[in-house]
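There are 2 protein chains.
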Amino acid sequence: SPAGAMLQPPPVARYNLNNVTTTARPLENRENILLLTPMARFNPAYWDNLLRLSYPHELITLGFILPRTREGNLATRELQKRIAHVQTQAPERDRFKSVVVLREDLDPALSPLASQDERERHQLARQKARRAAMAKARNALLVSTLGPSTSWVLWLDADVVETPPALIQDLARHDKPIVVPNCFQRFYNARTQAMDERPYDFNNWIDSDAARELASAMGPDDVLFEGYAEMATYRTLMAYLAKDDDNDDDEGERDLHEEVLLDGVGGAALLVKADVHRDGAMFPAFPFYHLLETEGFAKMAKRLGWEAVGLPNYKVYHYNE
Amino acid sequence: SPAGAMLQPPPVARYNLNNVTTTARPLENRENILLLTPMARFNPAYWDNLLRLSYPHELITLGFILPRTREGNLATRELQKRIAHVQTQAPERDRFKSVVVLREDLDPALSPLASQDERERHQLARQKARRAAMAKARNALLVSTLGPSTSWVLWLDADVVETPPALIQDLARHDKPIVVPNCFQRFYNARTQAMDERPYDFNNWIDSDAARELASAMGPDDVLFEGYAEMATYRTLMAYLAKDDDNDDDEGERDLHEEVLLDGVGGAALLVKADVHRDGAMFPAFPFYHLLETEGFAKMAKRLGWEAVGLPNYKVYHYNE
Ligand SMILES: Nc1nc2c(ncn2[C@@H]2O[C@H](COP(=O)(O)OP(=O)(O)O)[C@@H](O)[C@H]2O)c(=O)[nH]1
Ligand SMILES: Nc1nc2c(ncn2[C@@H]2O[C@H](COP(=O)(O)OP(=O)(O)O)[C@@H](O)[C@H]2O)c(=O)[nH]1
Ligand SMILES: [Mn+2]
Ligand SMILES: [Mn+2]
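These protein sequence lines are chains Z and C, in that order.
Residue numbering for the first sequence follows our numbering, beginning at 35 and increasing consecutively.
Residue numbering for the second sequence follows our numbering, beginning at 35 and increasing consecutively.
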């Protein structure tokens, strides 16, 4: 493709990985962010939130991967329209450093992710194939876009519709290999007749003896999923560690930046030092210590000596379908 | 760096991974090769052999990673000189599509690979740290250079000094996810008073019951290395499967393209379909099924459903130090 030809680097480029910093002050050090999103559907609220991120857009490369389904075609068209607009019509300061859009090479007919409704998607029996396919999509996106000058990778799902604008700076300031905010969901509470919020992402957890025992009794290809009654793990879920903020008075007291060490992470929003991926930590599409995808990634990173921390009180919000 | 700035892709690029073919006829289909070399020392014979590869250079991107040791500095200077020459002075058809040179970000003082002589390097006790560091160097090189239009990755060590010029076409024609030639070494045979050759790379093997039993008795962080008397694996080594070619008469009869299925592979020369890496198969720097680096890579690829084949009679040659 002509775009492909243009993307080629010049004949010779030299990089000293030692000069690529990854610090608590990425903005001051002009560190490059690679913001990666696997996208099945296009959600305008995701896009608007993305545009509001206050980290300098000129330091952000966007990477997307979309499935080759009918839904994926539709999302690709919507996405391309928005990209073309921001990169050519929007004020200079809104434009991103570069944007890469990938389409999966799966046969849509074979894709375990194709045409499943929300209910079906969450059934235990389907989770394994679904999470494996998601892992492959994330890996393909990662290895195709990470470059020698990337400092941080921010994973942001296409259905995360609300984050603080300083998300990147706020997470990076923890200076941790992997940092995860708490993913909640807003909903209309019929009881209180008011908008409310509830925990959404249960993949951020601290391991338990019960889960370790379940795992040790499993066959090598079995997977331990979180959030299924038939498989009680008694893990500590970060989703439930958020301090209640019903009462506006203690707002100032809650520590937004409180950290907890995590053994499993979700991918809704996830900041990773690029060196973690460079060392070879990726999203296993095969059972890795009985874990798949983002949960397996946390375990693999740990095997490589990198820890993950979660921020129970720092919230981002998932779309409510 | 200015080179870094120039390397940026244009604002928007779109790729359909489905259109990137990886076939038995890469040349006819104009498939892009990413040729990756971790390099501790510069060997002119490696470079001369590289230049003789008959696959169109305009379809080959070269990627190097060098350690931040004194030796690595020296090798980087030698390499840069050769690169500058071929990319600007050599005839058009000798020039490569692009070249990326990376320097590791390890503290050389901490590097387990620093200043070890050949003897020491091969001792069992040091192998673990050494292979883990090599794995990280390979992963950093891979994720920093693989792009959306890469079809194949050829791993070629910097001390592989002789291969058939059609190496890429010859290996690709097997149309296998991973293909490994047999790595030999030329030497002067004092007995026959003539040049001779002997097996060199023992990381290409077929698993054995004995090795599986050794592994199952090991602790989770223990590693099973090949080629050490104190750890007899009884694996079948591809190095010893090459048909004797002392007798020139049977030359025509030997099947250069005979295949054997492998469970472990070495990295001296290794052709990999880019999709294998895109799915997340990398070089584990932690014990993975008691295997590290290239041997662990073969196992990880297998877990992802990709097989490795070796070509016992198709030879490449390692430098004789
Ligand atoms: N490339 C790609 N992305 C997908 C696919 N299925 C879902 N996604 C995206 O991957 C992310 C996570 O998927 P989602 O279904 O929201 O997972 P959940 O929120 O954990 O139930 C979202 O950004 C989706 O848009 C797929 O088949 N291919
Ligand atoms: N980047 C990098 N490459 C290395 C380092 N040590 C060795 N290499 C290269 O990695 C490859 C394999 O290493 P080598 O010592 O030859 O392994 P052996 O042939 O299996 O004993 C060769 O191309 C070396 O030049 C290192 O510390 N950093
Ligand atoms: Mn979601
Ligand atoms: Mn060698």
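We treat Cβ as the ideally placed atom computed from N, Cα and C, and that holds for glycine.
Span of the beta strand (DSSP E) around residue i
{"i": "Val120/C", "result": "From DSSP, Val120/C is part of no beta strand (DSSP E) but of the alpha helix (DSSP H) over Arg104 to Thr122."}
{"i": "Arg232/Z", "result": "Ala228 to Pro233"}
{"i": "Ser132/C", "result": "Ser132 to Arg137"}
{"i": "Val294/C", "result": "Val294 to Leu296"}
Any non-hydrogen atom of ligand 1 within 8 Å of residue i CB
{"i": "Thr57/C", "result": "no"}
{"i": "Met73/Z", "result": "yes"}
{"i": "Glu292/C", "result": "no"}
{"i": "Ala171/Z", "result": "yes"}
{"i": "Met316/Z", "result": "no"}
Coil, strand or helix - residue i by DSSP
{"i": "Gly38/Z", "result": "Confidence at Gly38/Z is low in this model, with a pLDDT of 35, below 50, so its placement is unreliable and the value that follows should be read with caution. Gly38/Z: helix per DSSP, three-state reduction."}
{"i": "Leu158/C", "result": "helix"}
{"i": "Gly339/C", "result": "coil"}
{"i": "Arg86/C", "result": "coil"}
{"i": "Phe320/C", "result": "coil"}
{"i": "Phe259/Z", "result": "coil"}
{"i": "Leu51/Z", "result": "helix"}
{"i": "Pro142/Z", "result": "Confidence at Pro142/Z is low in this model, with a pLDDT of 47, below 50, so its placement is unreliable and no value can be given for it."}
{"i": "Tyr274/C", "result": "helix"}
{"i": "Ala148/Z", "result": "A caution first: Ala148/Z carries a pLDDT of 48, below 50, which makes its placement in the model unreliable, though a value can still be read off. Ala148/Z: coil per DSSP, three-state reduction."}
{"i": "His352/C", "result": "strand"}
{"i": "Lys307/C", "result": "strand"}
{"i": "Glu356/C", "result": "Not covered by the structure: residue 356/C. The range shown for chain C is 35 to 355."}
{"i": "Gly344/Z", "result": "strand"}
{"i": "Asn238/Z", "result": "coil"}
{"i": "Val46/Z", "result": "strand"}
{"i": "Thr57/Z", "result": "coil"}
{"i": "Thr328/C", "result": "helix"}
{"i": "Thr71/C", "result": "strand"}
{"i": "Val177/C", "result": "helix"}
{"i": "Ala165/Z", "result": "First, the residue type needs correcting, since residue 165/Z is Arg and not Ala in the sequence shown. Reduced to three states, the DSSP call for Arg165/Z is helix."}
{"i": "Tyr268/Z", "result": "coil"}
Proximity of residue i and residue j at Cβ, strictly below 9 Å
{"i": "Val257/C", "j": "Lys162/C", "result": "yes"}
{"i": "Arg165/Z", "j": "Leu326/Z", "result": "yes"}
{"i": "Gly314/Z", "j": "Met73/C", "result": "no"}
{"i": "Leu190/C", "j": "Leu271/C", "result": "no"}
{"i": "Asn223/C", "j": "Lys277/C", "result": "no"}
{"i": "Tyr353/Z", "j": "Val194/Z", "result": "yes"}
{"i": "Leu87/Z", "j": "Thr197/Z", "result": "yes"}
{"i": "Arg75/C", "j": "Leu108/C", "result": "yes"}
{"i": "Val135/C", "j": "Leu100/C", "result": "yes"}
{"i": "Tyr234/C", "j": "Ala303/C", "result": "no"}
Check: residue i C-beta below 8 Å from any heavy atom of ligand 3
{"i": "Ala302/Z", "result": "yes"}
{"i": "Tyr353/Z", "result": "yes"}
Proximity test, residue i beta-carbon vs ligand 2 heavy atom, cut-off 8 Å
{"i": "Pro125/Z", "result": "no"}
{"i": "Thr103/C", "result": "yes"}
{"i": "Ala79/C", "result": "no"}
{"i": "Gly106/C", "result": "yes"}
{"i": "Leu100/C", "result": "yes"}
{"i": "Ala167/C", "result": "yes"}
{"i": "Asp243/Z", "result": "no"}
Continuous alpha helix (DSSP H) stretch holding residue i: start and end
{"i": "Leu61/Z", "result": "No alpha helix (DSSP H) contains Leu61/Z, which DSSP labels as neither H nor E."}
{"i": "Ser1/C", "result": "No answer is possible for residue 1/C: the residues shown for chain C start at 35 and end at 355."}
{"i": "Arg220/Z", "result": "Per DSSP, Arg220/Z belongs to no alpha helix (DSSP H); it is in the beta strand (DSSP E), Ile212 to Asn223."}
{"i": "Ala248/C", "result": "It should be pointed out that residue 248/C corresponds to Leu in this sequence rather than to Ala. Segment Asp243 to Ser250, the alpha helix (DSSP H) holding Leu248/C."}
{"i": "Leu96/C", "result": "Counting along the chain, Leu96/C falls outside any alpha helix (DSSP H), though it belongs to the beta strand (DSSP E) covering Ile94 to Leu100."}
{"i": "Leu205/C", "result": "Leu201 to Ala206"}
Any non-hydrogen atom of ligand 4 closer than 8 Å to residue i Cβ
{"i": "Asp193/Z", "result": "no"}
Residue i: CB within 8 Å of a non-hydrogen atom of ligand 5
{"i": "Gly97/Z", "result": "With respect to small molecules bound, the structure shown includes ligand 1, ligand 2, ligand 3 and ligand 4 and not ligand 5."}
Interface residues of the stretch 191-205 of chain Z facing chain C [CB-CB below 8 Å]:
For the stretch 191-205 of chain Z, which is checked against every Cβ of chain C, not one residue is closer than 8 Å.
Mind checking the stretch 241-274 of chain C against chain Z and listing, in chain order, the residues whose C-beta falls within less than 7 Å of any C-beta there?
Listed by position along the chain: nothing, the set is empty.
Selection of the stretch 283-316 of chain Z by Cβ proximity to chain C, strictly under 8 Å:
Taking 8 Å as the Cβ-Cβ cut-off against chain C, the residues of the stretch 283-316 of chain Z that qualify are Asp309, His311, Arg312, Asp313, Gly314 and Met316.
Quick one, which residues of the stretch 158-171 of chain C are near chain Z if we go by CB-CB under 8 Å, in chain order?
Residues passing the 8 Å Cβ filter: Ala169 and Lys170.
Below 7 Å between beta carbons is the criterion; list the residues of the stretch 319-346 of chain Z that meet it against any residue of chain C, in chain order.
Per Cβ criterion, the list reads Ala319, Phe320, Arg337 and Leu338.
Contact list for the stretch 81-95 of chain C against chain Z, Cβ threshold 7 Å:
Here the close residues number zero.
Which residues of the stretch 98-111 of chain Z have a Cβ closer than 7 Å to any Cβ of chain C? Give them in chain order.
So the list reads Arg102, given in the order they occur along the chain.
Within 9 Å of chain C by C-beta, residues of the stretch 124-135 of chain Z in sequence order:
The residues in question are Arg129, Phe130, Lys131, Ser132, Val133, Val134 and Val135.
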